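Protein chains in written order, with our numbering: chain Z, 62 to 185; chain U, 62 to 185. What follows is a single structure, written as structure tokens, with notes after it.
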DNA sequence: GCAACAGTTGAATAACTATTCAATTATTGT
DNA sequence: ACAATAATTGAATAGTTATTCAACTGTTGC
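Put into structure tokens, the structure is as follows:
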């Protein structure tokens, strides 16, 4: 399958003398495409300063949308849009109480992930 | 500072009856802006399928750029661009050997973060 | 020196995303 | 019913980013 030398014609740029044994051995261990994508999606949900702040705030205490807007000094619309992303990823849950909607973290798992990241950053 | 009712004029849209005690108590615990940004940056480095695959592959074994290109079926240029991002975030390190450049994970910390994410995804 | 190749880089493009704005829904109190 | 306000939503915009392409650097072997 993988020839040791993978020659293409004249103009170089994609010839490639990779090591087929090394590549094959790693390929066997690779997770399915779907897993890799889901993992990237999860990290993507945390890959924004506003969402990081929301997650941190909610790890301290349940808060409504306008608490968060006030705390972060952004509009409710912005908070609401970002909360939708976190909701879709099952990172936060909510309960309604009259006009207000109170958000909190969906489980401890996300807190672990977050804290692991925090430890990484604070050890720099 | 925070008045209980934060009235603005006529046209609504940003009035906000947030709870100042709740907000103040969380605000005290918030990490500095820089920490929040660094954290988002770290997650951003992992927030892409190609980079997730690179990190996973390197967690198995040290690999050169064209190994990675072959494994992931993308061009060396693409791999190189993404490796630069990971290098800048100190997530991977490299050593040169002749023409080849071998990359590996910078430390175990990143592996922990990655595994924590993997556990989250695989428990869905 | 020259050809071949590994890797890097900058520019361009296409796709994606955060925020803003305006409109809408739903709930509370009068 | 009406006014006020919490929250959500869709569209538009501006900014960001992944990939591609072409050119380039540096190393090896002839």
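Backbone N, C-alpha and C fix where the C-beta goes; we use that ideal spot for every residue, glycine too. This structure is a prediction, so every number in the text was calculated from the model and none was measured.
Could you check whether residue j and residue i sit closer than 8 Å to each other, using their CB atoms as the reference points?
i: residue 153/U; j: residue 101/Z; result: no
i: residue 120/U; j: residue 166/U; result: yes
i: residue 139/Z; j: residue 111/Z; result: yes
i: residue 135/U; j: residue 99/Z; result: no
i: residue 106/Z; j: residue 150/Z; result: yes
i: residue 163/Z; j: residue 125/Z; result: yes
i: residue 129/U; j: residue 115/U; result: yes
i: residue 178/Z; j: residue 103/U; result: yes
Residues bridged to residue i by DSSP?
i: residue 166/Z; result: 153/Z
Since residue i contacts residue j with CB under 8 Å, what's their CB separation in whole angstroms?
i: residue 148/Z; j: residue 122/U; result: That belief does not hold up - the Cβ atoms of residue 148/Z and residue 122/U are roughly 38 Å apart, past 8 Å.
Q. Which runs of the beta strand (DSSP E), 3 residues or longer, sit entirely within the segment 82-162 of chain U?
A. The beta strand (DSSP E) runs lying completely inside the segment 82-162 of chain U and spanning 3 residues or more are 153-158, given in chain order.
**Q.** Sufficient close CB pairs (3 or more, under 8 Å) joining the segment 85-97 of chain Z to the segment 144-159 of chain Z
**A.** Contact between the segment 85-97 of chain Z and the segment 144-159 of chain Z is absent, because fewer than three Cβ pairs lie under 8 Å.
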